[in-house]
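Numbering (our numbering), first residue to last: 135 to 384.
Just below is one structure, and these are the notes that go with it.
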Ligand code: NDP
Ligand code: 8X3
């Protein structure tokens with residue numbers, strides 16, 4: 135029987151690796167992001183199952199709805215939604231923060247997750263089954279200096295994941311939350327606005343998690359038996375003990 139996974143932020147990092155991992159498990163993949171060329175690169179790598187790409191900005195609620203409405207009939211019974219699209223923008227104290235960065239983080243990480251869930255849920259509810267996996271962060275469990283609004287956005291993802299689990303339990307839909315620590319992706323490139331040297335320094339002196347580590351965890355979560363829900367997982371590099379304590383050999 136066909137299984138379909140809808141992955142946001144599949145053009146990079148955790149989302150890209152997750153799309154590959156779920157394809158490996160036999161899921162037909164709906165891969166979404168803004169960068170079409172990256173989604174085409176992903177599609178070219180997946181040869182065992184069909185891939186359907188959708189390009190939209192999760193901040194644009196009409197575009198999100200139009201993209202989901204555009205799905206052909208054979209792509210409309212969605213089994214798994216991975217709400218992964220998101221980023222940090224800047225790392226500044228609250229008094230020096232850039233309002234445009236704050237808007238981006240709240241609009242993408244919080245409102246974008248809501249818009250996508252709102253559009254996709256009607257494609258799950260009639261079947262009384264389905265699985266939503268929200269990508270939170272250790273930043274949604276602990277605040278750290280200068281993390282303020284990014285942390286707030288991920289605390290919101292934590293609250294929404296718990297709330298979605300409460301609201302959807304009677305509908306037979308599982309909600310899981312994966313909270314990674316430091317994962318080496320384009321995350322820091324985006325946070326530091328293309329400053330590659332600063333971005334690379336975040337991952338120096340220890341073995342950071344790789345996108346594949348998170349993808350395998352998501353693959354494990356969605357492959358549990360129907361009666362098992364791994365509701366929340368905090369996954370850290372071995373060298374990381376908290377949001378601020380990392381054992382580095384520099
Ligand atoms: P990347 O920067 O590598 O990937 C981010 C993905 O999100 C891209 O595919 C990007 O696609 C998509 N995205 C960003 N903004 C938008 C938007 N406005 N509309 C649609 N898609 C968007 O970072 P990661 O893979 O590391 O991040 C994935 C998730 O993991 C995020 O939610 C992040 O907060 C979380 N996370 C990351 C950690 C880390 O250390 N890396 C740790 C904990 C959580 P495109 O640009 O093509 O639109
Ligand atoms: C990303 C991990 O510690 O940079 O959510 O906030 S961290």
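A virtual CB, placed ideally from N, CA and C, is assigned to each residue, including glycine.
These figures come from a predicted structure and were not determined experimentally.
| Query | Result |
| --- | --- |
| With burial defined as no fewer than 16 other Cβ atoms inside 10 Å of the residue's Cβ, what is the status of residue 361: buried or exposed? | exposed |
| Consult DSSP for residue 252 and reduce its assignment to one of helix, strand or coil. | helix |
| With DSSP run on the structure shown, which of helix, strand or coil describes residue 354? | helix |
| Measure the C-alpha to C-alpha separation of residue 182 and residue 279 and round it to an integer number of angstroms. | 45 Å |
| I'd like the ranges of any alpha helix (DSSP H) spanning at least 4 consecutive residues and lying wholly in the segment 213-277. | 233-239, 247-254 |
| Rounded to whole angstroms, what's the CA-CA distance from residue 224 to residue 211? Just pull it up for me. | 38 Å |
| First and last residue of the alpha helix (DSSP H) that includes residue 204? | Premise fails: residue 204 is in no alpha helix (DSSP H) and is neither H nor E. |
| When we look at the beta-carbon of residue 141 and count the other beta-carbons within 10 Å, is it buried (16 or more) or exposed? | buried |
| What are the start and end residues of the alpha helix (DSSP H) that includes residue 282? | 282-302 |
| Pairs of beta-carbons, one from the segment 201-218 and one from the segment 247-256, closer than 8 Å: are there three or more? | yes |
| Can you find a heavy atom of ligand 1 that lies under 7 Å from the Cβ of residue 319? | yes |
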